[in-house]
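Written below as structure tokens is the structure these notes are about.
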Amino acid sequence: MRCQGRKFIVFLSLLFLLAGCTDDLGKVDLSGEIKLEPATKGWAYRTIASTKLRPSRVTEDHRLIDFRDDLTLEKTVTLGKTDYMFVTRFTTGFKLKDIFVDSRDESLRDFQTLVYSFKTHKIMKTLITKQSDSGDPWDRRITLGHDLKGGKKVLEREGIFHMVFHEPDTGWDCIVESDYTIESSAIRKKDAPGRDGKPEFNPHRMAYDLEVKGSSRLQIGFRQCLIGEKLIDNKLITFYVLDWDFDGQFTENDVVWNDYTEKFINFNEEVRLTDSLISSKDNTYVVHLKENTTETQQEYLLNIELKSVGKR
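Per the working numbering, residue 1 is the first one in the sequence shown, and the count goes up by one each step.
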């Protein structure tokens with residue numbers, strides 16, 4: 001009986017907790033129209049390619065560089081009406097003022113992304129905004145040295161590359177962000193017991209539990225977007241319409257993001273705009289994009305339609 005009483009108290013506590021986790025705006029009608037203005041504050045980028053590295057076979061002779069090519073990415077994407085190939089790679093040397101720099105210099109083995117235009121068959125001119133590639137040397141063995149007794153060895157390396165290029169068809173700026181991480185671990189297994197029953201260290205028979213893992217990602221997005229604001233109960237919510245299909249236009253094939261729930265919203269789908277723990281407590285809405293085009297200007301409106309009222 002005492003155990004059942006405790007369970008009942010826990011159940012009641014959970015009910016009170018769930019009842020209290022209701023979004024302040026969950027019962028407020030957020031419907032209406034919001035005027036949208038063009039802006040260059042786009043920041044949300046679609047992942048167009050990614051990979052995870054977890055090789056099944058790792059030996060004591062392996063080095064980080066043996067797995068590096070598995071982190072490269074290649075993806076063709078249409079921006080406006082032009083096809084572009086995005087390629088992430090690792091350089092092993094480059095020309096600087098017509099003088100070849102030795103690739104053995106570790107600092108020159110940079111992680112980078114290149115963009116090729118199928119229309120011009122040329123590499124696009126880009127502005128690099130951020131670049132780093134650091135960590136343990138690629139050529140270092142992933143195992144412990146024979147001069148060490150037991151222990152664990154971890155090698156880590158990571159890189160990021162951010163750039164911007166002007167896309168001629170749309171007249172917009174495309175932001176490209178790529179990154180990678182790689183990590184290896186070598187844990188020496190326990191030595192076999194000797195005649196006295198204690199582990200006997202043998203530097204010529206060391207065995208390891210070996211693991212290598214990593215990932216890489218390539219994201220792109222336009223800076224150009226539409227922005228609108230709505231003041232509700234002294235809370236200012238900003239809505240962003242992002243060109244998610246990269247056609248250089250704002251249509252209902254794109255997505256909306258708001259800084260209140262920090263979630264993406266699809267047009268013409270019934271969604272919540274608030275974050276109560278119990279979803280049935282929130283109103284639901286359908287969001288539409290309206291375009292008013294005249295001879296002199298092009299205007300957009302975000303229409304938020306109330307579909308159902310949450311349980312009170």
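For glycine and all other residues, C-beta sits at the position ideal for the given N, C-alpha and C. Keep in mind the model is a prediction, meaning the values are calculated, not measured.
By the criterion of a C-beta distance shorter than 6 Å, K52 is surrounded in its chain by S215, once the five residues flanking it on both sides are discounted.
Take D133, set aside five residues on each side of it, and the residues of its chain with a beta-carbon closer than 6 Å to its own are D110, F111, G159, in chain order.
In this structure, K35 sits near L301, with a CB-CB distance shorter than 9 Å. D136 and R157 have their C-alpha atoms some 6 Å from each other. For L73 and T88, the gap between their C-alpha atoms comes out near 5 Å.
For C225, the uninterrupted beta strand (DSSP E) run begins and ends at 225-232, by DSSP.
Of the candidates I265, T170, R57, F90, T170 places its Cα closest to the Cα of G80. The three-state secondary structure of K27, taken from DSSP, is coil.
The residue among Q219, T76, Q298, L273 with its C-alpha nearest the C-alpha of D23 is L273.
Less than 9 Å separates the beta-carbon of V271 from that of V287.
The DSSP-derived three-state label of R68 is helix. For the 9 Å CB-CB criterion, D179 and R217 form a contact. Look at the beta carbons and you see the segment 241-258 touching the segment 294-312: at least three pairs across the two are nearer than 8 Å. Using a Cβ-Cβ distance cut-off of 8 Å, the segment 25-43 and the segment 110-125 are not in contact, since fewer than three pairs of beta carbons, one from each stretch, lie closer than that value.
When R140, M163, H62, W138 are compared, the shortest CA-CA separation from K130 is found for M163.
In this structure G151 is exposed. Its beta-carbon is surrounded by fewer than 16 other beta-carbon atoms within 10 angstroms. Collapsing the DSSP output to three states places S279 in a helix. In this structure, N258 places its C-beta atom within 9 Å of the C-beta atom of T238. According to DSSP, Q297 shares a beta bridge with no other residue. Within 10 angstroms of the beta-carbon of I175 lie 16 or more other beta-carbons, which makes it buried. Cα atoms of W244 and G221: separation of roughly 8 Å, rounded to the nearest angstrom.
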